[in-house]
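In this note's numbering, the protein residues as written are 1 to 52.
Working notes, beginning with the structure itself.
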Amino acid sequence: MLHDKKSASCLDSLLKSVLKRQMPYFIGGTITGTIMAFYYGFLFAIIVNSVI
Numbered sequence: 001m002l003h004d005k006k007s008a009s010c011l012d013s014l015l016k017s018v019l020k021r022q023m024p025y026f027i028g029g030t031i032t033g034t035i036m037a038f039y040y041g042f043l044f045a046i047i048v049n050s051v052i
């Protein structure tokens, strides 16, 4: 039981650090995707984001 709690805590801290590191990319991608969808159309934005 103690081992489960420790591994969950370790996983939780790892997840938080990964999210903190990836947050600027997530925000930038969301903004870029919104602008592309507005100007070029939704289908084009999906295709380009899939390629990247």
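Glycine included, C-beta positions come from ideal geometry on N, C-alpha and C.
Keep in mind that this is a model prediction, so the values were computed, not measured.
Residue i versus residue j: straight-line alpha-carbon distance, rounded
i: residue 2; j: residue 27; result: Note that residue 2 scores a pLDDT of 44, beneath 50, so its modelled location is shaky; the value from the coordinates is reported in the next line. Each residue's Cα considered, the two are about 37 Å apart.
i: residue 36; j: residue 45; result: 6 Å
i: residue 14; j: residue 21; result: 11 Å
i: residue 24; j: residue 38; result: 21 Å
i: residue 50; j: residue 42; result: 12 Å
i: residue 32; j: residue 47; result: 14 Å
i: residue 11; j: residue 17; result: 10 Å
Where residue i falls: helix, strand or coil (DSSP)
i: residue 41; result: coil
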